[in-house]
Amino acid sequence: MKTISFTLNGAPRKVTIEDDRMLLWVLRDDLGTTGPKYGCGRALCGSCTVLVNDESVRACMTRATSIDGKSIVTIEGLAAGDQLHPIQAAFVKHAGFQCGFCTPGMILGAYSLLKKTPKPTRAHIAQAMDRHLCRCGAHVRIVDAIEEAAAVMAGGAK
Amino acid sequence: MTPPTIVPGTDGTGAMDRREFLSLTGSGLFIAFTMHPRPTRPELPAAAQQRAATDFNAFLHIGADGRVTTYVGKIEMGQGAMTSFPQLVADELNVPLASVDIVLGDTDLCPFDMGTFGSLSVRQLGPVVRAAAAEARAVLVAMAAEKLQLPAASLEVKDGVVQSRTDASKRVSYGELTAGKRIERHLEGPPPLEPVSVMTIVGRTAARRDAIEKVTGKAKYAGDIVPAGALHARIVRPPAHGAVVTKSDTAAAEAMPGVRVVRAGDLVAVLHAHRDEADKALRAVKSTVTPSANILNERSIFAHLEQKAPAGNTVASGGQLAEGEKGAKTIVEQTYLKGYVAHAPLETHSAVAEMNDGKLTVWASTQTPFPLKTAIARAVNLAPEKVRVITPYVGGGFGGKSAGAQAIEAARLTMAAGVPVRVVWERDEEFFYDTFDPAAVIKIKAGLDGAGKIVLWDYTVIGAGERGAAQGYAVANHRTHVRGGWSGNTGELHPFGIGPWRAPGANANVFARESHIDLLAAKAGIDPLEFRLKNLTDVRMKGVLQAAAAKFGYTPKAGSSGRGYGIACGTDAGTWVASIAEVKVDKATGAIEVVRIACAQDMGLVVNPDGARQQMEGCLTMGLGYTLTEEVRFANGAVLDKNFGSYAIPRFSWVPKLDTVFVDNPDKPPQGGGEPAIITMGAVVANAVFDATGARLTQLPLTRARVMQGLAKVRRE
């Protein structure tokens, strides 16, 4: 058992957990944060993506103890109150989702992409998002949304 | 009275026509308005929970505040039912779209519904819901006429307010009319439906209602519902279909902190509050297994199907096959194959059950909440009214969530454990218990006369079933024979479960037919678009072909032109669809790149155009999978593909430029949109590969290895 401290969507948290617990299940089962989804358990689909110190990680294959002292942001923490993040707003505008199950991971994956590459081409977006799976076939609109979010964010909006 | 503009189709798709619907509902139609707060609705008669509602009241509730709640037993799995039903209601009631709420998939609140499948939501239930709203409007106008002391004919409704056409100060709102009253009224005869021409909401894009919840993480799926004290269950499974777990030693698991072992009939489960700790406990269970006797695999299955499929029956025929053979100058025979395909929704089957005061509530990811409720009641020996199924957002279904085994497991384990139990299948369980789109063998013998007309069509499909099998070309001598269906697995034909998969059976059938049409066009030396138009009399099919060609910028060229263009068309769910694709084939690796697709659809009235486009794009994108890579591998009853590492579904880098177009037909009844476009994908790509390379591929998926074999064959010839 180990006690770890971190911030979750800005709020300080402390949990005492078995050493081999996975971040996804600590978030979901211990902390009631259900935005990150279980899709494959093998870091293959991206549904569980969260930000750790602003980097996207696959929570299903991340040891929870590794986040000690770090800052975790899940989809629930991306908007500033009622103000959607530009990526979220662009996903709404372009209907960059259907069933919505992959969406939290998609948006956080896009966040990570745009942080590293603020002005990606469509081909770059497709390549960067290739390890995020969507079964409904919303891909074209997700790329549209990320492209627009990039433009909005480059315009000074955050 | 304006005659109803939209009626359910009588096109052989099984939809009721209006007269049939009214005879089912009887003449005593009434609508009740109540003051109960949403979403409580004690007025829903028990009967409405058991079978198709005969009471329009079951679909609507108008509150004292004027807000309207629509109740439909459909579910939202991304297809947009949550958005399109309120459009129908708002337009028919003349209220703002924003004042209409919707409750979906709750067996206590919504009228009975068979399930969400077959692209039936809008085309079959849509007219019923519209009629309910029209009825409500007529009753409200009659009430307003009494209250205002004006003839009903002098009144109009604007934004939920009934007012005099000539003096807008004489007005009363729906909310005022219903306030504090319970009213039951009978209408004689069918309610007047608004003609499409005056509709202001239907036919225009409506913003998705699920958007904000889905981008903020507020959207709840069955696995996100956690009743107090709920435990995760992991269930001991056999390693293969046909294998039997004869003994489970759970001692080591039981010794782990926080773990409970629960046995319920044949279910052995380990329970823990944390999913990953339940996983660990399951790994500690030692099982004794009798192996499966099944020896089939993804290669031997085709001969097995041919041998073991039932004799079947002829579903369409005309003329005499012998006459066709006599008249044919060229006869072309070919066998087409397609493997098993998984649904692989991103959300695995999930459910949580809770028993409270003798009532069992089950939140489930399911396409069929009402049949599931009955199945759960039977499984746990409760009266049906003691079971409630609630369907939160469903994370993808595609037909694969039509059964609900996980919800029955959650219910049984909840009853046995005495605490709420959550069952969220692991990805490998999802693959193992999936009801696959069945493997299929299709044999076609077709004949051409000397003028490029098809004079013979003899078609046998084994395994995939009837949907999409019958051809729609103008062929005098034809027969379509179907051996075995896409569900049921009669006589252990398949080594595992099979079931509906987005346009069930049609993907295999349209692949075979449209590939064969292309073969015939090449034999006749005619461009494949011209060949189709020449052999079609169906105006709406010609219409979608021409619309797709215009969108694509298609120019005719006979034979394998090297351009990599392919065409395919068909009908599904009442909708006509045609696609034209451009591909590039890497002759060194066999890799196919789909560059662009133009797809045209004639679905009658399009209720929500952007929603319908999303479905078309989804179909074309998802269809890349069964076309290029998806084929479940299996051996000795075990499913070898257990996750997305080996089972490749479409990714961003695969997705071509997609152009979608509707053939405008707003005066025709709305038809299905969730499935049609996917049926064209196999053939449109295979035909484009032929056009690019001269290689005719006859087995789906069009893997690199099969492309290389096809190219080698072209070189040999």
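Line by line, the protein sequences give chains A and B.
The numbering used here puts the first residue of the first sequence at 49, with every later residue one more than the last.
The numbering used here puts the first residue of the second sequence at 220, with every later residue one more than the last.
Note that beta-carbon positions come from the ideal geometry of N, C-alpha and C, so glycine has one too.
These figures come from a predicted structure and were not determined experimentally.
Would you mind working out which of B:659, B:870 and B:583 sits nearest residue 557 of chain B, comparing C-alpha positions?
-> For the purposes of this step, residue 557 of chain B is taken as the residue at position 338 of the second sequence. Cα-wise, what sits closest to residue 557 of chain B is B:659.
Using the C-alpha atoms, what's the distance from residue 98 of chain A back to residue 611 of chain B?
-> Taking the second sequence and counting its residues from 1, one reaches residue 611 of chain B at position 392. Taking the first sequence and counting its residues from 1, one reaches residue 98 of chain A at position 50. Computed Cα separation, rounded: 23 Å.
Roughly how many angstroms lie between the CA atoms of residue 228 of chain B and residue 338 of chain B, to the nearest whole one?
-> Residue numbering aside, residue 228 of chain B sits at position 9 when the second sequence is read from its first letter. Residue numbering aside, residue 338 of chain B sits at position 119 when the second sequence is read from its first letter. Residue confidence is low: residue 228 of chain B scores 22 on pLDDT, short of 50, so the model does not pin down where it sits. Its coordinate-derived value is still stated next. Each residue's Cα considered, the two are about 13 Å apart.
Run through DSSP, which three-state label would residue 720 of chain B get?
-> Position 501 of the second sequence, counted from the first residue, corresponds to residue 720 of chain B. Coil, per DSSP.
Quick one: give me the first and last residue of the alpha helix (DSSP H) that residue 751 of chain B is part of.
-> Residue numbering aside, residue 751 of chain B sits at position 532 when the second sequence is read from its first letter. Where residue 751 of chain B is concerned, the enclosing alpha helix (DSSP H) stretches over 747-753.
Quick one: is residue 938 of chain B near chain A, going by C-beta distance under 8 Å?
-> In the structure displayed, chain B extends from 220 to 936; residue 938 of chain B sits before or after that span and is not available.
Cβ distance (whole Å) where residue 609 of chain B is taken to contact residue 582 of chain B below 8 Å = Here residue 609 of chain B refers to the residue found at position 390 of the second sequence. Here residue 582 of chain B refers to the residue found at position 363 of the second sequence. Indeed they touch by this definition, with Cβ atoms about 5 Å apart.
Per DSSP, residue 698 of chain B forms a beta bridge with which residues?
-> If you number the second sequence from 1, residue 698 of chain B lands on position 479. Residue 698 of chain B pairs with B:536 and B:677.
Contact with chain B by residue 115 of chain A, beta-carbon distance below 8 Å | Within the first sequence, the letter at position 67 stands for residue 115 of chain A. Cβ-Cβ to chain B under 8 Å: no for residue 115 of chain A.
Entirely enclosed alpha helix (DSSP H) segments - the segment 504-572 of chain B, minimum 4 residues = 520-527 and 540-546
Thinking residue 570 of chain B and residue 650 of chain B are a contact (beta carbons under 8 Å), I'd like their distance in whole angstroms, please.
-> In the second sequence, residue 570 of chain B corresponds to position 351, counting from 1. In the second sequence, residue 650 of chain B corresponds to position 431, counting from 1. In fact, because the Cβ distance is near 18 Å, the residues do not count as touching under 8 Å.
CA-to-CA distance, residue 913 of chain B to residue 948 of chain B, given in whole angstroms = Here chain B comprises residues numbered 220 to 936, so residue 948 of chain B is not present and cannot be evaluated.
Rounded separation between residue 686 of chain B and residue 899 of chain B - CA only | As a position in the second sequence, residue 686 of chain B is number 467, starting the count at 1. As a position in the second sequence, residue 899 of chain B is number 680, starting the count at 1. Near 13 Å, if we compare the C-alpha coordinates of residue 899 of chain B and residue 686 of chain B.
Contact set for residue 62 of chain A: own chain, Cβ-Cβ below 6 Å, skip 5 residues either direction = Position 14 of the first sequence, counting from 1, holds the residue named residue 62 of chain A. Correct list, in chain order: 53.
If you count every other CB in all the chains shown that lies within 10 Å of the CB of residue 518 of chain B, and 16 or more means buried, which is it?
-> As a first step, residue 518 of chain B must be located in the second sequence, where it is residue number 299. Counting Cβ neighbours within 10 Å, residue 518 of chain B comes out exposed, since fewer than 16 surround it.
So what does DSSP say about residue 190 of chain A, is it helix, strand or coil?
-> To locate residue 190 of chain A, count along the first sequence from 1; it is residue 142. Residue state, collapsed to three classes: helix.
Rounded separation between residue 827 of chain B and residue 303 of chain B - CA only | The residue labelled residue 827 of chain B in the question sits at position 608 within the second sequence. The residue labelled residue 303 of chain B in the question sits at position 84 within the second sequence. Their backbone Cα atoms lie some 6 Å apart in a straight line.
Best match in B:605, B:674, B:438 and B:440 for proximity to residue 548 of chain B [C-alpha to C-alpha] | Counting from one through the second sequence, the residue named residue 548 of chain B turns up at place 329. The candidate whose alpha carbon is nearest that of residue 548 of chain B is B:674.
Sub-8 Å separation of residue 587 of chain B and residue 621 of chain B beta-carbons = Along the second sequence, one-based indexing puts residue 587 of chain B at 368. Along the second sequence, one-based indexing puts residue 621 of chain B at 402. Closer than 8 Å, so yes.
Cα separation between residue 164 of chain A and residue 472 of chain B?
-> Taking the first residue of the first sequence as position 1, residue 164 of chain A is located at position 116. Taking the first residue of the second sequence as position 1, residue 472 of chain B is located at position 253. Straight-line Cα distance between these residues: approximately 45 Å.
Are at least three pairs of beta-carbons, each pair with one atom in the segment 167-179 of chain A and one in the segment 111-120 of chain A, less than 8 Å apart?
-> no
Would you decide whether residue 51 of chain A is buried or exposed? Buried here means 16 or more other CB atoms lie within 10 Å of its CB.
-> In the first sequence, residue 51 of chain A corresponds to position 3, counting from 1. Flag for residue 51 of chain A reads exposed.
DSSP state of residue 728 of chain B, grouped into three classes?
-> Position 509 of the second sequence, counted from the start, is the residue given in the question as residue 728 of chain B. Three-state result, residue 728 of chain B: helix.
Excluding five sequence neighbours on each side, which residues of the same chain lie with their C-beta closer than 6 Å to the C-beta of residue 352 of chain B?
-> Residue 352 of chain B sits at position 133 when you count from the first residue of the second sequence. These residues qualify, in order along the chain: 308, 311 and 312.
Could you name the residues of the same chain whose beta carbon sits closer than 6 Å to that of residue 398 of chain B, not counting the 5 residues immediately before and after it, in chain order?
-> Your numbering for residue 398 of chain B matches position 179 in the second sequence. Correct list, in chain order: 283.
Under 7 Å Cβ-Cβ, which residues of chain E neighbour residue 152 of chain A?
-> Protein chains in the displayed structure are A and B, and chain E is not among them.
Answer with buried or exposed for residue 453 of chain B, where buried requires no fewer than 16 other C-beta atoms within 10 angstroms of its C-beta.
-> Translated into the one-based positions of the second sequence, residue 453 of chain B becomes position 234. It is buried - the Cβ of residue 453 of chain B has at least 16 other Cβ atoms within 10 Å.
Could you give the DSSP three-state label for residue 432 of chain B: helix, strand or coil?
-> If you number the second sequence from 1, residue 432 of chain B lands on position 213. In this structure, residue 432 of chain B counts as helix in the three-state DSSP scheme.
Where does residue 71 of chain A fall in DSSP's three states?
-> Along the first sequence, read from residue 1 onward, the residue named residue 71 of chain A stands at position 23. Residue 71 of chain A falls in the helix class under three-state DSSP.
Taking 8 Å as the CB-CB limit, is residue 386 of chain B close to chain A?
-> Walking along the second sequence from the start, residue 386 of chain B turns up at place 167. No, no contact with chain A.
Taking 8 Å as the CB-CB cut-off, is residue 538 of chain B touching chain A?
-> The count along the second sequence starts at 1 and reaches residue 538 of chain B at position 319. Not an interface residue.
Does the beta carbon of residue 433 of chain B sit closer than 8 Å to a beta carbon anywhere in chain A?
-> On the second sequence, position 214 is the one that residue 433 of chain B refers to. Interface residue, yes.
As assigned by DSSP and simplified to three states, the class of residue 160 of chain A | The sequence position of residue 160 of chain A within the first sequence is 112, counting from 1. Helix, per DSSP.
If the cut is a Cβ gap below 7 Å, which residues of chain A does residue 872 of chain B touch?
-> As a position in the second sequence, residue 872 of chain B is number 653, starting the count at 1. Simply 174, 175 and 178.
Out of B:574, B:324, B:512 and B:347, state which residue places its alpha-carbon closest to the alpha-carbon of residue 447 of chain B.
-> Locating residue 447 of chain B in the second sequence gives position 228, counting from the first residue. Measuring from the Cα of residue 447 of chain B, the nearest candidate turns out to be B:574.
Where does residue 605 of chain B sit, in a helix, a strand or coil, going by DSSP?
-> Counting from 1 along the second sequence, the entry for residue 605 of chain B is found at position 386. Residue state, collapsed to three classes: helix.
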